[in-house]
Amino acid sequence: MLFKQLNQFALMLSTLFYIFLPGLIGGMFFGLGKIVQSDSEQTSNQVMLGCLMFQALILNVLKPAILDNAHRMFHHSLMKSKTSIIAADITLLFVSHALLWMSIVLALAMGLDKLVKAPHFVGFMITQVSMGIMLLYRPQAVVLTLVVTLALLPAALSNLTYLAWCNVVMLVSCFVGPIWLTYSPARLTVWSFWVLYGFHNAWSLAWRICINLLLVWGVAIIGAERPELLHWYTPLVGLFTLLIWSSLCIKTTKYINEHRLFWVSLKQLDALIKAQHVFIFVLYFLFWFTGVVLLSFDVFSLMILIVAPLLQWSAVTMPQRLAVCWASLSVLVYLIKVLI
110 MLFKQLNQFA LMLSTLFYIF LPGLIGGMFF GLGKIVQSDS EQTSNQVMLG
160 CLMFQALILN VLKPAILDNA HRMFHHSLMK SKTSIIAADI TLLFVSHALL
210 WMSIVLALAM GLDKLVKAPH FVGFMITQVS MGIMLLYRPQ AVVLTLVVTL
260 ALLPAALSNL TYLAWCNVVM LVSCFVGPIW LTYSPARLTV WSFWVLYGFH
310 NAWSLAWRIC INLLLVWGVA IIGAERPELL HWYTPLVGLF TLLIWSSLCI
360 KTTKYINEHR LFWVSLKQLD ALIKAQHVFI FVLYFLFWFT GVVLLSFDVF
410 SLMILIVAPL LQWSAVTMPQ RLAVCWASLS VLVYLIKVLI
């Protein structure tokens with residue numbers, strides 16, 4: 110429901126402000142340009158990791174459509190050879206891999222002469238392909254690779270060495286058995302209930318965490334390039350962080366409703382709902398604080414933090430109006446900022 114509203118809201122914005130679309134595409138090419146040429150290899154490594162993480166998020170959303178999970182068994186019944194199915198999967202992956210197509214367009218625009226001088230960009234495109242294929246069949250290997258390569262960032266490796274490590278770790282991770290995180294509380298309480306929820310719905314938390322990290326990272330790069338624009342982008346981080354975590358209230362409220370009678374019988378339903386709001390607000394506050402520390406702090410960021418409980422309440426009581434409430438808050442914040 111939330112994503113349907115956001116799609117409608119995005120359509121309205123793109124219709125009214127379509128002139129900014131080229132700027133958005135240009136910004137994405139700017140990020141790829143940082144990989145090709147940057148003042149430091151460390152910055153290029155950071156941008157490459159950010160792009161690979163963003164790619165993993167997008168392809169994970171598209172994965173059910175690429176593999177056609179709804180009719181997967183039917184395809185296997187038609188084709189005896191797995192090679193044909195894998196070839197079809199990879200073909201659909203290439204068709205839907207927007208970031209790879211952008212890299213290819215940039216490589217063609219550079220020409221062979223300039224591309225030879227930036228071999229790490231060719232290595233990056235190869236890594237895009239290998240990680241995309243790995244995500245279809247060994248998603249755990251991709252997760253382990255991203256975690257290890259994130260830990261390798263402080264090592265200040267060269268671009269080619271960093272990409273080589275990325276692919277080696279990904280290859281080795283293919284042979285790692287499934288890793289299952291389990292949690293069995295000795296006593297079920299309203300707090301252990303939400304910890305269990307986190308373990309059983311890890312993806313719901315993981316994509317929110319990744320989007321938050323990418324958002325802060327992207328604005329930090331903008332701040333490094335154009336410090337005078339940072340104060341315009343800092344509230345944006347707070348607003349999107351608020352939307353991302355407030356939307357979790359919709360999902361968790363449905364989860365509560367599934368177990369409502371159980372908690373009513375224990376006379377702890379109200380305590381469970383309070384724990385839900387505290388749990389989500391704490392997660393929001395952690396990423397809000399991260400943004401404040403890494404970017405900057407102003408009165409508008411504080412204002413967004415103060416109204417966070419109201420948006421959480423809106424998500425629980427009026428989920429169909431969450432996107433509208435968030436959009437109204439965003440317009441109000443920037444209107445006040447412009448007027449002041």
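What the sequence shown shows, in my numbering, is residues 110 to 449, in sequence order.
For each residue, glycine too, the CB sits at the ideal point set by N, CA and C.
Here the structure is a predicted model, which is why all the values come from computation and not from measurement.
Buried or exposed: L404, going by 16 or more other Cβ atoms within 10 Å of its Cβ?
Within the sequence shown, numbered from 1, the residue matching residue 404 stands at position 295. Label assigned to L404: buried.
Nearest to Q377 by alpha carbon, out of T361, V299, V416 and L338?
Here residue 377 is taken as the residue at index 268 of the sequence shown, counted from 1. Out of T361, V299, V416 and L338, V299 has the C-alpha closest to the C-alpha of Q377.
Can you find the residues in the same chain that come closer than 8 Å, C-beta to C-beta, to M121, ignoring five residues on each side of it along the sequence?
Position 12 of the sequence shown holds residue 121. Unreliable placement is indicated for M121, whose pLDDT of 47 sits below 50; the coordinate value is still reported in the next sentence. No residues qualify anywhere along the chain.
In angstroms, rounded to a whole number, what distance separates the CA positions of M211 and C160?
Against the sequence shown, residue 211 aligns to sequence position 102. Against the sequence shown, residue 160 aligns to sequence position 51. Cα-Cα distance, rounded: 12 Å.
Taking DSSP as the reference, what is the three-state secondary structure of A265?
Here residue 265 corresponds to residue number 156 of the sequence shown, with the count starting at 1. Looking at A265 - three-state DSSP - the assignment turns out to be coil, as it is neither helix nor strand.
Is it buried or exposed for I288, if we count other Cβ within 10 angstroms and need 16 for buried?
Position 179 of the sequence shown, counting from 1, holds the residue named residue 288. Answer is exposed; the Cβ neighbour count stays below 16.
CB-CB under 7 Å to F118, same chain, minus the five flanking residues each way: which ones, in chain order?
Numbered from its first residue, the sequence shown carries residue 118 at position 9. Confidence is the limiting factor: at F118 the pLDDT is only 49, short of 50, which leaves the residue's position unreliable and the question unanswerable from this model.
Below 8 Å, how does it come out for the segment 235 to 245 and the segment 274 to 287: are there three or more Cβ pairs, yes or no?
yes
Quick one: residues in its chain with C-beta nearer than 7 Å to the C-beta of S439, no 5 flanking neighbours on either side, listed in chain order?
Here residue 439 corresponds to residue number 330 of the sequence shown, with the count starting at 1. The residues are L348.
In chain order, what residues of the same chain have a beta carbon less than 8 Å from the beta carbon of L255, not counting five sequence neighbours either side?
Numbered from 1 along the sequence shown, position 146 holds the residue referred to as residue 255. Result list for L255: L158, L161, M162 and A165, in chain order.
With H, G and I counted as helix, E and B as strand and the rest as coil, what does DSSP make of L448?
By 1-based counting over the sequence shown, the position of residue 448 is 339. DSSP places L448 in helix when its eight states are reduced to three.
From which residue to which residue does the alpha helix (DSSP H) around V408 run?
Here the question's residue 408 lines up with position 299 in the sequence shown. V408 to T426 is the extent of the alpha helix (DSSP H) around V408.
Quick one: grab the DSSP three-state call for A295.
Within the sequence shown, numbered from 1, the residue matching residue 295 stands at position 186. Correct three-state label for A295: coil.
Taking only the alpha-carbon atoms, compute the straight-line gap between E150 and G400 and give it to the nearest angstrom.
As a first step, residue 150 is located in the sequence shown; it is residue number 41 there, counting from the start. As a first step, residue 400 is located in the sequence shown; it is residue number 291 there, counting from the start. The straight-line gap from Cα to Cα measures roughly 24 Å.
Would you mind reading off the limits of the alpha helix (DSSP H) that contains S313?
If you number the sequence shown from 1, residue 313 lands on position 204. Its alpha helix (DSSP H) spans residues A311 to E334.
Starting from G232, trace the alpha helix (DSSP H) both ways and give me its first and last residue.
Against the sequence shown, residue 232 aligns to sequence position 123. Residues P228 to Y246.
Write down the C-beta distance between M234 and L209 rounded to the nearest angstrom, noting that I regard them as a contact closer than 8 Å.
Here residue 234 refers to the residue found at position 125 when the sequence shown is read from its first residue. Here residue 209 refers to the residue found at position 100 when the sequence shown is read from its first residue. Confirmed, about 7 Å.
Nearest by alpha-carbon distance to S301: which of W341, I415 and F388 is it?
Translated into the one-based positions of the sequence shown, residue 301 becomes position 192. S301 has its Cα closest to that of F388, out of W341, I415 and F388.
Alpha carbon of H180 to alpha carbon of A197, nearest angstrom:
Indexing the sequence shown from 1 puts residue 180 at position 71. Indexing the sequence shown from 1 puts residue 197 at position 88. Straight-line Cα distance between these residues: approximately 14 Å.
Return the Cβ separation of Q155 and L253 in integer angstroms, given the expectation that the two are a contact with Cβ distance under 8 Å.
Mapped onto the sequence shown, residue 155 falls at position 46. Mapped onto the sequence shown, residue 253 falls at position 144. The Cβ separation is near 19 Å, so there is no contact.
Quick one: what does DSSP say S285 is sitting in, helix, strand or coil?
The count along the sequence shown starts at 1 and reaches residue 285 at position 176. The question names Ser, yet the displayed sequence has Val at residue 285. Coil at V285, not helix or strand.
Please work out which residues of its chain come closer than 6 Å, Cβ to Cβ, to Q385, disregarding the five sequence neighbours upstream and downstream, and give them in chain order.
Working through the sequence shown from its first residue, we reach residue 385 at position 276. So the list reads T361, once near-sequence residues are dropped.
Identity of the residue in L448, L245, Q249 and I330 nearest S153 by Cα:
Walking along the sequence shown from the start, residue 153 turns up at place 44. Of the candidates L448, L245, Q249 and I330, the one whose C-alpha sits nearest the C-alpha of S153 is I330.
Mind checking Y393: buried by the 16 CB within 10 Å criterion, or exposed?
In the sequence shown, the residue the question calls residue 393 occupies position 284. It counts as buried.
Nearest to L168 by alpha carbon, out of K191, I199, L411 and G142?
Here residue 168 refers to the residue found at position 59 of the sequence shown. Checking every option, the nearest Cα to that of L168 belongs to I199.
Along the alpha helix (DSSP H) that carries R181, what are the first and last residues, could you check?
As a first step, residue 181 is located in the sequence shown; it is residue number 72 there, counting from the start. It spans R181 to L187 - the alpha helix (DSSP H) in which R181 sits, taken as one unbroken run.
Return the first residue and the last residue of the alpha helix (DSSP H) that E337 is part of.
Taking the sequence shown and counting its residues from 1, the one referred to as residue 337 is at position 228. Note, E337: premise wrong, no alpha helix (DSSP H); not H, not E.
Contact the segment 315 to 323 vs the segment 408 to 423: 3+ CB pairs below 8 Å:
no
How many angstroms separate the CA atom of A227 from the CA atom of Y443?
The residue you call residue 227 lines up with position 118 of the sequence shown. The residue you call residue 443 lines up with position 334 of the sequence shown. Answer to the nearest angstrom: the Cα atoms are 41 Å apart.
Look up L375 in the DSSP assignment and say whether it is helix, strand or coil.
Numbered from 1 along the sequence shown, position 266 holds the residue referred to as residue 375. It is coil, neither helix nor strand.
Quick one: using the 10 Å Cβ neighbour count with 16 as the cut-off for buried, is Y271 buried or exposed?
For the purposes of this step, residue 271 is taken as the residue at position 162 of the sequence shown. Under this definition Y271 is a buried residue.
Within 10 Å of its beta-carbon, does V373 have 16 or more other beta-carbons around it, so buried, or fewer, so exposed?
The residue labelled residue 373 in the question sits at position 264 within the sequence shown. Looking at its Cβ environment, which holds fewer than 16 other Cβ atoms inside 10 Å, V373 is exposed.
Find out if the Cβ-Cβ distance for the pair L215, L314 is shorter than 7 Å.
As a first step, residue 215 must be located in the sequence shown, where it is residue number 106. As a first step, residue 314 must be located in the sequence shown, where it is residue number 205. Not closer than 7 Å, so no.
Backbone CA spacing between L345 and A264 [nearest angstrom]:
If you number the sequence shown from 1, residue 345 lands on position 236. If you number the sequence shown from 1, residue 264 lands on position 155. Near 31 Å, if we compare the C-alpha coordinates of A264 and L345.
Roughly how many whole angstroms lie between the Cα atoms of I449 and V408?
Here the question's residue 449 lines up with position 340 in the sequence shown. Here the question's residue 408 lines up with position 299 in the sequence shown. Straight-line Cα distance between these residues: approximately 12 Å.
Best match in A273, F230, F284 and M219 for proximity to R247 [C-alpha to C-alpha]:
Translated into the one-based positions of the sequence shown, residue 247 becomes position 138. Ranking A273, F230, F284 and M219 by Cα distance to R247 puts F284 first.
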